[in-house]
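Remarks on the structure that follows.
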Amino acid sequence: MQKLEVFGANKLKGQISISGSKNASLPILAATLLSNKKIYLKNLPKVKDIETMINLLESLGSKVKFHKKKFIIDNSSQKKKFASYNLVKTMRAGILVLGPLLAKFKNAKVSLPGGCAIGTRPIDIHLKALSKLGVKYKINQGYVHANAPKGLIGSKINFSKISVGATENLIIAACLAKGTTILTNCAIEPEIKDLVNFLTTIGCNIKWVAKRSVKIVGVNDTKEATYSVMFDRIEAGTYLIAAAVTEGNLKVKNILPNVIKTEINILKNIGAKINIKKDEVHIIGSKKIKNINIKTAPYPGFPTDLQAQIMVLLCKANKNSLIKEDIFENRFMHVAELNRMGGQILIKGNQAIVKGNTKFAAAELMATDLRASVSLILAALTTKGKSVINRIYHLDRGYENIEKKLKKVGAKIRRI
Ligand code: EPZ
Numbered sequence: 000m001q002k003l004e005v006f007g008a009n010k011l012k013g014q015i016s017i018s019g020s021k022n023a024s025l026p027i028l029a030a031t032l033l034s035n036k037k038i039y040l041k042n043l044p045k046v047k048d049i050e051t052m053i054n055l056l057e058s059l060g061s062k063v064k065f066h067k068k069k070f071i072i073d074n075s076s077q078k079k080k081f082a083s084y085n086l087v088k089t090m091r092a093g094i095l096v097l098g099p100l101l102a103k104f105k106n107a108k109v110s111l112p113g114g115c116a117i118g119t120r121p122i123d124i125h126l127k128a129l130s131k132l133g134v135k136y137k138i139n140q141g142y143v144h145a146n147a148p149k150g151l152i153g154s155k156i157n158f159s160k161i162s163v164g165a166t167e168n169l170i171i172a173a174c175l176a177k178g179t180t181i182l183t184n185c186a187i188e189p190e191i192k193d194l195v196n197f198l199t200t201i202g203c204n205i206k207w208v209a210k211r212s213v214k215i216v217g218v219n220d221t222k223e224a225t226y227s228v229m230f231d232r233i234e235a236g237t238y239l240i241a242a243a244v245t246e247g248n249l250k251v252k253n254i255l256p257n258v259i260k261t262e263i264n265i266l267k268n269i270g271a272k273i274n275i276k277k278d279e280v281h282i283i284g285s286k287k288i289k290n291i292n293i294k295t296a297p298y299p300g301f302p303t304d305l306q307a308q309i310m311v312l313l314c315k316a317n318k319n320s321l322i323k324e325d326i327f328e329n330r331f332m333h334v335a336e337l338n339r340m341g342g343q344i345l346i347k348g349n350q351a352i353v354k355g356n357t358k359f360a361a362a363e364l365m366a367t368d369l370r371a372s373v374s375l376i377l378a379a380l381t382t383k384g385k386s387v388i389n390r391i392y393h394l395d396r397g398y399e400n401i402e403k404k405l406k407k408v409g410a411k412i413r414r415i
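Quick note: the sequence shown, position 90, residue 89 per numbering that gives the first Met the number 0, numbers continuous.
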């Protein structure tokens, strides 16, 4: 099993360019199943989850080629409707093929995604909403067996809870439904806006009619198109926090700063100096880090995917901070590892009391999930000595060339 060695402490200096968004690419790849025309996708990040989603599409009969920095996806002869456990179990976003398969073939058999380190991750909201479009389903031996004998019929659907995946699955499914679908109480993460932009580009009829409401009028066909996926805002936020925690001086490029306004404001409140340009954020970390209380929330709130990373920064603050994890029920797996490095973080239910003025010490560490593993790197960058991070396959799911990007800005890090 591969490991990462990090020799701290270093201040990150220079510039990092951000890759395409994993969490926009995954629903967009699933949505290509709607089309029988060639689709050209640019700026997909080279990360494991994208590879897994492409394997899943190929297992369904998609033809996927990579040529001149573009993925060419041809679903014209795609016929299969069975998404197997061995592909969906490693990447929960596999459930996003359910909507498009039902829209195109009126039936599908898709493995339940199963839970992961951060929570049980049910799909009840997806299934309840799909049944409003006329889908009948039963769950049997870990699979969803779903069908819509009369095809999907447009309907009004209000999500009982804001869910990124359920919003994506339903937007995609409704594109080929008969008639009009109105979805309310939708998640509005930038990745969902990117998905809607992609679907519009291939000829779907979708309009945001209120902050969290979207109207989809079913179409009969889609067209050939090229689309470039948005930047990865969580990767961008991770490197901004890395600069703040190492008192670095970093330019994070290829981004749209107004998409990460919340994160930028929090970093300013904590004491970092921030200069914003059209497609770049220049951050200078300060010696004195002010404490702050944070609650994770659906967009435009503070993203749960940056909670582990900001926790490392708050360990260095001048006083205690409180972090409330309001999205997932078990997203503090990084706390035990950070405490082994000298962190003094106390968990009470879904709240973490983060003691300030922590001096981390290098240690041998275990990654548990994608974002927790990157928080261990951030902590290791602030300590003298060698830290070793095990199970970095978690990291490779969502960060493209992370050690190369960090080395370029002064980190002493290597994969062994
Ligand atoms: C997406 O997961 C992201 N994944 C997650 O990023 C992200 O943390 C999450 O949204 C929240 O922003 C991708 O986009 C591939 P949800 P998703 O449905 O869609 C509960 C990363 O690190 N829920 O918004 O699974 C659920 O258990 C990953 O890149 C139900 O109860 O998130 C959770 O507590 C991690 N029933 C909450 O809602 C359902 O049917 C939010 O989940 C669906 C969700």
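By construction, the Cβ of each residue, glycine as well, lies at the ideal position given by its N, Cα and C atoms.
By the criterion of a C-beta distance shorter than 7 Å, Ala296 is surrounded in its chain by Asp325, once the five residues flanking it on both sides are discounted. Assignment of beta strand (DSSP E) within the segment 50-115, counting only whole runs of 3 or more residues, yields 62-66, 69-73 and 106-110 in chain order.
Taken from the Cβ of Lys21, at least one heavy atom of the ligand EPZ lies inside 7 Å.
The continuous beta strand (DSSP E) containing Ile205 extends over residues Asn204 to Ala209. Segment contact: the segment 146-153 against the segment 94-108, three or more CB-CB distances shorter than 8 Å; contact assigned. Residues of the same chain with a CB within less than 7 Å of the CB of Leu86, apart from the 5 flanking positions on each side, are Thr51, Asn54, Leu55, Ser58 and Gly93 in chain order.
For Val96 and Lys68, the gap between their C-alpha atoms comes out near 24 Å.
Note that the C-beta distance between Gly217 and Lys155 is not below 8 Å. Going by C-alpha positions, Asn248 is about 40 Å away from Ser212. The beta carbon of Ser34 sits no closer than 7 Å to any heavy atom of the ligand EPZ.
Pairing Val163 with Asn329, the inter-Cα distance amounts to about 18 Å. In the three-state reduction of the DSSP assignment, Ala241 falls in the helix class, which pools H, G and I.
Going by beta carbons, Ser24 and Arg232 fall outside the 8 Å limit. Put simply, the segment 394-413 does not touch the segment 23-40. Fewer than three CB pairs are less than 8 Å apart.
Relative to the ligand EPZ, the nearest heavy atom lies less than 7 Å away from the CB of Lys160. Just measuring C-alpha positions, the residue of Ile17, Leu377, Phe6 and Lys10 sitting nearest Val251 is Ile17. Per DSSP, Gly342 lies in no beta strand (DSSP E) segment and is marked neither H nor E.
For Lys250, the enclosing beta strand (DSSP E) stretches over residues Asn248 to Lys252. At the C-beta level, Gly384 and Gly7 come within 8 Å of one another.
Ser159 sits exposed, since fewer than 16 C-beta atoms from the chains shown fall within 10 Å of its C-beta. Judged by DSSP secondary structure, Tyr136 falls within the beta strand (DSSP E) whose first and last residues are Lys135 to Asn139. One thing to note: Leu194 has its Cβ no nearer than 8 Å to the Cβ of Leu182. Taken in chain order, the complete beta strand (DSSP E) segments of 3 or more residues contained in the segment 20-53 are 37-41. Taking the Cβ atoms as the reference, Ile346 lies roughly 5 Å from Phe331, within the contact range of under 8 Å.
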